[in-house]
Each structure stands twice: as structure tokens, then as C-alpha cells.
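**Q**
Residue numbers (this note's numbering): 74 to 208.
1) Please go through the same chain and pick out, in chain order, the residues whose beta-carbon is closer than 6 Å to the beta-carbon of residue 134, but skip the five residues on each side of it.
2) What is the rounded straight-line gap between the Cα of residue 189 and the Cα of residue 199?
3) So the candidates are 117, 115 and 125; which of them puts its Cα closest to the Cα of residue 43?
4) Is it buried or exposed, residue 93, if we count other Cβ atoms within 10 angstroms and call 16 or more buried?
5) Should residue 145 be labelled buried (16 or more other beta-carbon atoms within 10 Å of its own) or exposed?
6) Let me check understanding here. Comparing Cα to Cα, which of 139, 157 and 184 lies closest to residue 100?
7) Can you look up residue 180 in the DSSP assignment and give me helix, strand or coil?
8) Identify the continuous beta strand (DSSP E) that holds residue 92 and give its terminal residues.
9) I'd like to confirm the pairing. Which residues does DSSP put opposite residue 83 in its beta bridges?
10) Which of the three DSSP states is assigned to residue 131 in this structure?
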């Protein structure tokens with residue numbers, strides 16, 4: 074199964090996918106051990122989550138004897154884009170400017186971070202000279 078086009082991870086899926094990214098290829102017991110201190114999740118909870126994530130196309134699973142070996146089917150960037158699209162759609166009604174304003178106002182940015190953001194905007198502006206519906 075290929076990675077889904079529209080990626081939305083649940084709150085419970087985020088720690089699992091992060092642990093898989095750090096350990097892949099891996100098994101459910103390895104992930105359960107990594108997550109236990111922070112979550113208290115049992116093996117059966119982790120295995121159920123991983124099987125559901127496989128069904129959703131977020132993980133790949135293959136059998137090797139009695140073991141199921143898991144690898145990620147989505148990249149960190151894909152998951153982050155999905156999360157951002159979700160927030161943009163639900164919290165900001167699709168409006169980018171208020172999202173950026175909230176990000177800028179929510180924490181103190183260093184001069185280096187501000188310079189990097191300005192460079193990203195300048196680079197993006199030079200790539201998209203005019204969009205449909207804009208003057």
C-alpha cells in the first residue's frame with residue numbers, strides 16, 4: 074500500500090511514527106519499550122496502533138517468520154505538511170496570513186530565525202511571480 078495523499082496523524086499516532094522513524098526497521102515490542110515510560114502503553118496497545126497505521130498506509134509491515142517488521146510509509150516532511158494543512162484548514166479557515174502572524178507572535182524569534190524566514194519568503198516569491206486571481 075502506498076502512502077496516503079492526505080496525511081493526518083492522530084495524537085496517539087505521532088509518538089509511534091516518531092519512534093518508528095528513529096528505529097526502523099523495527100518491531101512492535103521495540104516501539105512499545107521506547108514509548109512505555111512516556112505513555113504507559115502495553116504491547117497490545119502499541120501493536121493495535123501500528124496495525125491501524127499500516128491499514129491507513131502510514132506504515133509498511135512485512136512478516137519475517139513470527140515477527141512483523143515495520144517501516145514508515147510517510148516521511149517526516151509529509152507528516153508535518155499534513156499537520157500544517159489540518160491546522161490551516163480547521164483553525165484558520167484556510168487563511169495563511171493569520172497562521173503566520175500567530176506563529177510569529179507566539180514566541181520570540183532570534184534575528185537568525187527572522188532572517189531565514191525572510192529568505193524563504195523571498196525565494197518563494199521569486200518562484201511564483203503571479204497567481205491566478207492576483208493583480
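Virtual Cβ for every residue (Gly too), placed ideally from N, Cα, C. All values reported here derive from a predicted model rather than from experimental measurement.
**A** Reading off the structure:
1) 127, 141 and 143
2) 15 Å
3) What is shown of the chain runs 74 to 208, which leaves residue 43 out entirely.
4) buried
5) buried
6) 139
7) coil
8) No beta strand (DSSP E) contains residue 92, which is instead part of the alpha helix (DSSP H) from 86–96.
9) In the DSSP output, where bridge partners are listed per residue, residue 83 has none listed.
10) coil
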